[in-house]
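Structure first, then comments.
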Amino acid sequence: MIPKVRFVGADRPFLLELARAWLETAAHAGRDPADGVLFLPTRRAARAAAAAFLEAKGGPLIMPRIAAIGAADEAALGILAGLDLPPAIAAEERRTILARLILSMGGRDGAPTTLAAALLLADDLALLLDTAAQAEIELADTLPGIVAPELAEHWQRTLDFLSIVTRAWPTILAERGAVDPAVRQRMLLDAQAERWRLAPPSHPVWLAGLAAAPPALSRLARVVASLDQGCVVLPGFDPDLPDEAWSMLDRTPSHPQAGFRRLAEAIGVQRAEIHPLHAPLGAPLHAPLGAPLPPPWAPGRRPAGRAGSRCSAMRSCRFRPRRRA
(Lines of atoms letter the chains of each structure in order from A; the text may use other names.)
(Lines give C-alpha, C1' and ligand atoms only; values in the text may rest on other atoms or scores of the structure.)
Protein backbone atom coordinates (compact mmCIF):
# COMPACT_ATOMS: atom_id res chain seq x y z
CA MET A 18 0.00 0.00 0.00
CA ILE A 19 1.28 3.46 -0.92
CA PRO A 20 1.76 5.59 2.20
CA LYS A 21 -0.90 8.28 2.44
CA VAL A 22 0.84 11.65 2.31
CA ARG A 23 -1.09 14.77 1.35
CA PHE A 24 -0.26 18.46 1.20
CA VAL A 25 -1.86 21.87 1.45
CA GLY A 26 -0.26 24.47 -0.80
CA ALA A 27 1.32 27.60 0.63
CA ASP A 28 -1.45 29.67 -0.98
CA ARG A 29 -4.13 27.97 1.13
CA PRO A 30 -5.00 28.45 4.84
CA PHE A 31 -3.46 25.27 6.21
CA LEU A 32 -5.46 24.62 9.38
CA LEU A 33 -8.77 25.57 7.79
CA GLU A 34 -8.14 23.23 4.84
CA LEU A 35 -7.08 20.53 7.27
CA ALA A 36 -10.27 20.88 9.32
CA ARG A 37 -12.46 20.87 6.21
CA ALA A 38 -10.78 17.73 4.91
CA TRP A 39 -11.21 15.97 8.27
CA LEU A 40 -14.93 16.82 8.38
CA GLU A 41 -15.48 15.89 4.72
CA THR A 42 -13.66 12.60 5.19
CA ALA A 43 -15.77 11.80 8.26
CA ALA A 44 -18.97 12.57 6.34
CA HIS A 45 -17.81 10.51 3.35
CA ALA A 46 -17.06 7.54 5.63
CA GLY A 47 -20.27 7.98 7.66
CA ARG A 48 -18.41 8.30 10.97
CA ASP A 49 -18.48 10.76 13.83
CA PRO A 50 -15.96 13.59 13.21
CA ALA A 51 -15.02 13.36 16.90
CA ASP A 52 -13.67 9.86 16.28
CA GLY A 53 -9.91 9.99 15.84
CA VAL A 54 -6.81 11.94 16.77
CA LEU A 55 -5.04 14.79 15.00
CA PHE A 56 -1.39 15.48 15.84
CA LEU A 57 0.15 18.90 15.21
CA PRO A 58 3.70 20.06 15.98
CA THR A 59 3.01 22.62 18.72
CA ARG A 60 0.45 23.54 21.36
CA ARG A 61 -0.09 26.84 19.58
CA ALA A 62 -1.03 25.06 16.36
CA ALA A 63 -3.29 22.66 18.28
CA ARG A 64 -5.19 25.58 19.83
CA ALA A 65 -5.53 27.29 16.46
CA ALA A 66 -6.80 24.03 14.92
CA ALA A 67 -9.72 24.02 17.35
CA ALA A 68 -10.75 27.46 16.04
CA ALA A 69 -10.32 26.22 12.46
CA PHE A 70 -12.70 23.31 13.11
CA LEU A 71 -15.34 25.73 14.40
CA GLU A 72 -14.93 27.89 11.30
CA ALA A 73 -15.02 24.92 8.95
CA LYS A 74 -18.15 23.53 10.61
CA GLY A 75 -19.84 26.91 10.85
CA GLY A 76 -21.02 26.15 14.36
CA PRO A 77 -20.34 24.11 17.48
CA LEU A 78 -19.21 20.51 17.23
CA ILE A 79 -17.49 17.78 19.20
CA MET A 80 -13.95 17.79 17.86
CA PRO A 81 -11.46 14.98 17.48
CA ARG A 82 -8.66 14.80 20.01
CA ILE A 83 -6.03 17.34 18.95
CA ALA A 84 -2.58 16.79 20.46
CA ALA A 85 0.72 18.63 20.20
CA ILE A 86 3.46 16.22 19.21
CA GLY A 87 6.09 18.70 20.43
CA ALA A 88 4.70 18.32 23.94
CA ALA A 89 4.09 14.60 23.72
CA ASP A 90 3.56 12.55 26.84
CA GLU A 91 1.79 9.31 27.63
CA ALA A 92 -1.61 10.99 27.89
CA ALA A 93 -1.33 12.84 24.59
CA LEU A 94 -0.08 9.83 22.68
CA GLY A 95 -2.50 7.42 24.30
CA ILE A 96 0.18 4.98 25.42
CA LEU A 97 -0.98 2.59 28.11
CA ALA A 98 0.16 3.22 31.67
CA GLY A 99 3.06 1.18 32.95
CA LEU A 100 5.26 1.63 29.91
CA ASP A 101 8.71 0.40 30.87
CA LEU A 102 10.69 3.56 30.12
CA PRO A 103 13.05 5.52 32.37
CA PRO A 104 11.70 8.85 33.62
CA ALA A 105 12.85 12.19 32.24
CA ILE A 106 14.88 14.30 34.60
CA ALA A 107 13.08 17.50 35.57
CA ALA A 108 14.18 20.57 33.62
CA GLU A 109 15.00 22.63 36.71
CA GLU A 110 16.92 19.79 38.31
CA ARG A 111 18.99 19.40 35.16
CA ARG A 112 19.63 23.14 34.99
CA THR A 113 20.77 23.26 38.59
CA ILE A 114 23.11 20.28 38.26
CA LEU A 115 24.67 21.59 35.04
CA ALA A 116 25.21 25.01 36.64
CA ARG A 117 26.90 23.34 39.61
CA LEU A 118 29.20 21.40 37.26
CA ILE A 119 30.09 24.62 35.46
CA LEU A 120 30.92 26.42 38.69
CA SER A 121 33.02 23.47 39.86
CA MET A 122 35.47 24.20 37.02
CA GLY A 123 36.58 27.32 38.91
CA GLY A 124 36.80 29.47 35.79
CA ARG A 125 38.99 26.99 33.90
CA ASP A 126 38.73 27.07 30.09
CA GLY A 127 36.65 30.22 30.28
CA ALA A 128 33.91 28.76 32.45
CA PRO A 129 31.85 31.43 34.25
CA THR A 130 32.30 31.92 37.98
CA THR A 131 29.00 33.54 38.90
CA LEU A 132 25.74 31.68 39.46
CA ALA A 133 23.75 33.84 37.05
CA ALA A 134 26.21 33.26 34.20
CA ALA A 135 26.44 29.55 35.02
CA LEU A 136 22.66 29.18 34.86
CA LEU A 137 22.57 30.86 31.45
CA LEU A 138 25.30 28.57 30.16
CA ALA A 139 23.49 25.58 31.69
CA ASP A 140 20.48 26.48 29.55
CA ASP A 141 22.69 26.41 26.45
CA LEU A 142 24.14 23.04 27.42
CA ALA A 143 20.62 21.66 28.02
CA LEU A 144 19.61 22.83 24.55
CA LEU A 145 22.71 21.15 23.10
CA LEU A 146 21.78 17.90 24.86
CA ASP A 147 18.20 17.97 23.60
CA THR A 148 19.13 18.96 20.05
CA ALA A 149 21.68 16.15 19.84
CA ALA A 150 19.18 13.67 21.30
CA GLN A 151 16.53 14.64 18.75
CA ALA A 152 19.03 14.22 15.90
CA GLU A 153 20.25 10.97 17.50
CA ILE A 154 23.83 12.23 17.63
CA GLU A 155 26.27 10.92 20.22
CA LEU A 156 28.15 14.00 21.36
CA ALA A 157 31.07 12.08 22.86
CA ASP A 158 31.71 10.41 19.48
CA THR A 159 30.97 13.40 17.25
CA LEU A 160 32.48 16.48 18.90
CA PRO A 161 36.20 15.51 18.74
CA GLY A 162 36.24 15.25 14.95
CA ILE A 163 34.25 18.25 13.79
CA VAL A 164 37.11 20.75 13.39
CA ALA A 165 40.12 20.92 11.08
CA PRO A 166 43.41 19.50 12.44
CA GLU A 167 45.02 22.96 12.59
CA LEU A 168 42.36 24.03 15.08
CA ALA A 169 42.63 20.89 17.20
CA GLU A 170 44.64 22.48 20.02
CA HIS A 171 42.16 25.30 20.56
CA TRP A 172 39.22 22.93 20.11
CA GLN A 173 40.65 20.63 22.78
CA ARG A 174 40.07 23.37 25.38
CA THR A 175 36.43 23.51 24.27
CA LEU A 176 36.19 19.74 24.46
CA ASP A 177 37.58 19.82 28.00
CA PHE A 178 34.76 22.16 28.96
CA LEU A 179 32.16 20.11 27.09
CA SER A 180 33.20 17.06 29.07
CA ILE A 181 30.41 18.28 31.34
CA VAL A 182 27.90 16.92 28.81
CA THR A 183 29.99 14.14 27.29
CA ARG A 184 31.25 12.49 30.49
CA ALA A 185 29.95 13.97 33.73
CA TRP A 186 26.31 14.36 32.75
CA PRO A 187 25.77 10.81 31.39
CA THR A 188 27.20 9.46 34.64
CA ILE A 189 24.81 11.56 36.71
CA LEU A 190 21.83 10.42 34.64
CA ALA A 191 22.85 6.78 35.01
CA GLU A 192 23.09 7.15 38.78
CA ARG A 193 19.56 8.57 38.87
CA GLY A 194 18.13 6.04 36.43
CA ALA A 195 16.81 8.93 34.33
CA VAL A 196 17.20 10.29 30.81
CA ASP A 197 17.10 13.73 29.20
CA PRO A 198 13.60 15.00 28.27
CA ALA A 199 14.32 14.79 24.54
CA VAL A 200 15.51 11.19 24.93
CA ARG A 201 12.34 10.33 26.84
CA GLN A 202 10.24 11.93 24.12
CA ARG A 203 12.10 9.98 21.45
CA MET A 204 11.42 6.77 23.36
CA LEU A 205 7.72 7.65 23.57
CA LEU A 206 7.47 8.34 19.85
CA ASP A 207 9.18 5.06 19.03
CA ALA A 208 6.95 3.21 21.50
CA GLN A 209 3.84 4.73 19.92
CA ALA A 210 5.04 3.87 16.42
CA GLU A 211 5.68 0.26 17.45
CA ARG A 212 2.31 0.00 19.18
CA TRP A 213 0.46 1.22 16.10
CA ARG A 214 2.56 -0.99 13.83
CA LEU A 215 1.65 -4.11 15.82
CA ALA A 216 -1.95 -3.11 16.60
CA PRO A 217 -3.25 -0.51 14.12
CA PRO A 218 -5.93 1.76 15.64
CA SER A 219 -9.51 1.49 14.43
CA HIS A 220 -9.90 5.28 14.35
CA PRO A 221 -8.33 7.91 12.05
CA VAL A 222 -4.86 9.21 12.92
CA TRP A 223 -3.53 12.24 11.10
CA LEU A 224 -0.09 13.77 11.61
CA ALA A 225 -0.06 17.27 10.14
CA GLY A 226 2.04 20.40 9.92
CA LEU A 227 5.50 18.88 9.58
CA ALA A 228 7.92 20.79 7.34
CA ALA A 229 10.80 18.72 8.69
CA ALA A 230 11.14 16.11 11.39
CA PRO A 231 13.84 14.51 13.56
CA PRO A 232 14.42 10.77 13.06
CA ALA A 233 11.99 9.50 15.73
CA LEU A 234 9.16 11.67 14.45
CA SER A 235 9.95 10.59 10.89
CA ARG A 236 9.63 6.96 11.97
CA LEU A 237 6.25 7.74 13.55
CA ALA A 238 5.16 9.53 10.36
CA ARG A 239 6.08 6.44 8.34
CA VAL A 240 3.83 4.28 10.51
CA VAL A 241 0.97 6.80 10.47
CA ALA A 242 1.09 7.10 6.68
CA SER A 243 0.79 3.31 6.37
CA LEU A 244 -2.29 2.98 8.61
CA ASP A 245 -5.64 2.24 6.95
CA GLN A 246 -7.04 5.47 8.38
CA GLY A 247 -3.75 7.28 8.76
CA CYS A 248 -2.50 10.30 6.87
CA VAL A 249 0.46 12.68 6.96
CA VAL A 250 -0.37 16.22 5.80
CA LEU A 251 2.42 18.58 4.74
CA PRO A 252 2.12 22.38 4.87
CA GLY A 253 3.43 24.31 1.87
CA PHE A 254 4.79 21.39 -0.15
CA ASP A 255 5.47 22.59 -3.71
CA PRO A 256 4.55 19.92 -6.31
CA ASP A 257 5.76 22.15 -9.15
CA LEU A 258 9.36 22.35 -8.06
CA PRO A 259 11.44 21.21 -11.08
CA ASP A 260 12.78 17.68 -10.85
CA GLU A 261 16.35 18.95 -11.08
CA ALA A 262 15.81 21.28 -8.14
CA TRP A 263 14.14 18.49 -6.13
CA SER A 264 17.08 16.18 -6.74
CA MET A 265 19.52 18.85 -5.48
CA LEU A 266 17.73 19.51 -2.19
CA ASP A 267 20.09 17.17 -0.34
CA ARG A 268 22.87 19.65 -1.13
CA THR A 269 20.80 22.70 -0.13
CA PRO A 270 19.45 21.81 3.33
CA SER A 271 18.34 25.41 3.96
CA HIS A 272 15.87 25.33 1.04
CA PRO A 273 12.22 25.53 2.24
CA GLN A 274 11.44 22.24 0.46
CA ALA A 275 14.48 20.32 1.71
CA GLY A 276 12.72 19.12 4.86
CA PHE A 277 9.91 17.66 2.75
CA ARG A 278 12.38 15.66 0.69
CA ARG A 279 13.99 14.18 3.81
CA LEU A 280 10.58 13.43 5.29
CA ALA A 281 9.33 11.80 2.07
CA GLU A 282 12.41 9.57 1.98
CA ALA A 283 11.92 8.59 5.61
CA ILE A 284 8.26 7.74 5.02
CA GLY A 285 9.08 5.82 1.85
CA VAL A 286 6.90 7.80 -0.54
CA GLN A 287 7.78 9.11 -3.97
CA ARG A 288 7.29 12.77 -4.75
CA ALA A 289 4.64 11.96 -7.39
CA GLU A 290 2.69 10.01 -4.73
CA ILE A 291 2.18 13.10 -2.56
CA HIS A 292 -1.28 14.41 -3.48
CA PRO A 293 -3.15 17.57 -2.55
CA LEU A 294 -5.54 17.43 0.38
CA HIS A 295 -8.54 18.46 -1.67
CA ALA A 296 -11.09 15.68 -1.17
CA PRO A 297 -12.13 13.18 1.47
CA LEU A 298 -9.52 10.48 1.91
CA GLY A 299 -10.66 7.48 -0.08
CA ALA A 300 -12.48 9.58 -2.68
CA PRO A 301 -11.11 9.71 -6.25
CA LEU A 302 -8.23 12.10 -6.73
CA HIS A 303 -8.67 15.01 -9.10
CA ALA A 304 -7.01 18.34 -9.87
CA PRO A 305 -5.83 20.26 -6.81
CA LEU A 306 -7.68 23.25 -5.43
CA GLY A 307 -6.47 26.58 -6.74
CA ALA A 308 -3.84 27.33 -9.33
CA PRO A 309 -0.51 25.50 -9.05
CA LEU A 310 2.29 27.42 -7.42
CA PRO A 311 5.15 28.69 -9.60
CA PRO A 312 8.68 27.61 -8.74
CA PRO A 313 10.28 29.52 -5.84
CA TRP A 314 12.49 31.53 -8.23
CA ALA A 315 9.63 32.53 -10.60
CA PRO A 316 9.21 36.33 -11.10
CA GLY A 317 6.49 37.86 -8.98
CA ARG A 318 6.12 34.99 -6.56
CA ARG A 319 5.29 36.14 -3.05
CA PRO A 320 7.68 35.35 -0.20
CA ALA A 321 6.72 32.23 1.71
CA GLY A 322 6.16 34.21 4.90
CA ARG A 323 3.33 36.24 3.34
CA ALA A 324 1.72 33.17 1.84
CA GLY A 325 1.34 31.75 5.32
CA SER A 326 -0.23 34.89 6.78
CA ARG A 327 -3.74 33.47 6.57
CA CYS A 328 -2.94 31.22 9.46
CA SER A 329 -0.25 32.80 11.58
CA ALA A 330 -0.33 29.89 14.00
CA MET A 331 1.37 27.72 11.38
CA ARG A 332 4.28 30.11 10.76
CA SER A 333 6.30 28.39 13.45
CA CYS A 334 4.50 25.05 13.21
CA ARG A 335 7.59 22.90 13.28
CA PHE A 336 8.55 20.24 15.70
CA ARG A 337 10.05 21.64 18.86
CA PRO A 338 11.20 19.93 22.04
CA ARG A 339 9.05 20.28 25.10
CA ARG A 340 10.39 23.14 27.19
CA ARG A 341 9.47 23.98 30.73
CA ALA A 342 9.70 27.36 32.34
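Numbered according to the working numbering, the sequence shown spans residues 18 to 342.
Beta carbons: idealized from backbone N, C-alpha and C, even for Gly.
Remember, predicted model here, so these are calculated numbers, not experimental data.
Would a C-beta distance cut-off of 8 angstroms place Arg-214 and Val-240 closer than the cut-off? yes
Here's the rule I'm using: 16 or more other beta-carbon atoms within 10 Å means buried, otherwise exposed. How should Ser-219 be labelled? exposed
Does the beta-carbon of Pro-77 have 16 or more other beta-carbons within 10 angstroms, so that it is buried, or is it exposed? exposed
Run the CB neighbour count on Gln-20, radius 10 Å, all protein chains shown included, and call it buried at 16 or more, exposed below. It should be noted that the sequence gives Pro, not Gln, for residue 20. Result: buried.
Between which two residues does the alpha helix (DSSP H) containing Ile-189 stretch? Where Ile-189 is concerned, the enclosing alpha helix (DSSP H) stretches over 186-193.
Separation of Glu-110 from Val-22, as counted between CA atoms: 40 angstroms
Is Ala-242 helix, strand or coil when you go by DSSP? helix
Quick one: residues in its chain with C-beta nearer than 8 angstroms to the C-beta of Ala-284, no 5 flanking neighbours on either side, listed in chain order? Reading off the sequence shown, one finds Ile at residue 284, where the question assumed Ala. Excluding residues within five positions, the ones whose Cβ falls inside 8 angstroms are Pro-20, Val-22, Ser-235, Ala-238, Arg-239, Ala-242 and Val-249.
Over the uninterrupted alpha helix (DSSP H) stretch that includes Pro-198, give me the two end residues. 198-215 is the extent of the alpha helix (DSSP H) around Pro-198.
Using DSSP bridges, identify the partner residues of Pro-20. Paired residue(s): none; Pro-20 is not in a bridge.
Could you check the C-alpha separation between Ala-43 and Ala-225 for me, to the nearest Å? Computed Cα separation, rounded: 17 angstroms.
Helix, strand or coil for Leu-25, going by three-state DSSP, please let me know. Contrary to the premise, residue 25 reads as Val rather than Leu in this sequence. It is a strand residue.
With distances taken Cα to Cα, identify the nearest neighbour of Ile-106 among Pro-198, Met-80, Arg-203 and Val-286. Pro-198
Kindly indicate the opening and closing residues of the beta strand (DSSP E) around Ile-83. 82-85
Assign Ala-105 to one of three DSSP states: helix, strand, or coil. Strand at Ala-105.
With which residues is Val-182 paired in a DSSP beta bridge? For Val-182, which the question treats as bridged, DSSP gives no partner whatsoever.
Could you check where the beta strand (DSSP E) with Ala-225 kicks off and where it finishes? 222-225
Hey, out of Glu-41, Leu-156, Leu-71 and Ile-181, whose CA is closest to Ile-119's CA? Among Glu-41, Leu-156, Leu-71 and Ile-181, the Cα nearest to that of Ile-119 is on Ile-181.
Return the CA-CA distance between Leu-227 and Leu-57, expressed in angstroms with no decimal places. Counting only the Cα atoms, Leu-57 lies some 8 angstroms from Leu-227.
Nearest-angstrom Cα separation, counted from Gly-253 out to Ala-66: 17 angstroms
Between Leu-136 and Ala-116, which are expected to be in contact by the criterion C-beta below 8 angstroms, what is the C-beta distance as a whole number of angstroms? 5 angstroms
Use the C-beta contact count for Gly-47: other C-beta atoms within 10 angstroms, 16 or more gives buried, fewer gives exposed. Gly-47 is exposed by the Cβ-count criterion.
Roughly how many angstroms separate the alpha carbons of Asp-158 and Phe-70, rounded to a whole number? 47 angstroms
Measuring CB to CB, does Leu-244 end up less than 8 angstroms from Pro-217? yes
Could you check how far apart the C-beta atoms of Gly-247 and Val-222 are, in whole angstroms? I think they sit under 8 angstroms. Sure, about 5 angstroms apart at Cβ, within 8 angstroms.
What beta strand (DSSP E) runs, 3 residues minimum, are completely inside the segment 114-173? none
In the structure shown, what three-state DSSP assignment does Phe-56 receive? strand
The ligand GTP heavy atoms versus the CB of Pro-198: any closer than 7 angstroms? Annotation note on the ligand GTP: not contained in the displayed structure, which lists no ligands.
For Leu-55, which residues of its own chain have a beta-carbon under 6 angstroms away from its beta-carbon, when the five flanking residues on both sides are left out? Pro-81, Ile-83 and Trp-223
Spatial neighbours of Leu-138 within its chain, please: CB distance less than 7 angstroms, with the 5 preceding and 5 following residues excluded, ordered by chain position. The answer, listed in chain order, is Ile-119 and Pro-129.
For the beta strand (DSSP E) containing Leu-280, list its first residue and its last residue. Looking at the DSSP string, Leu-280 is not in any beta strand (DSSP E); the run it does join, the alpha helix (DSSP H), is 275-284.
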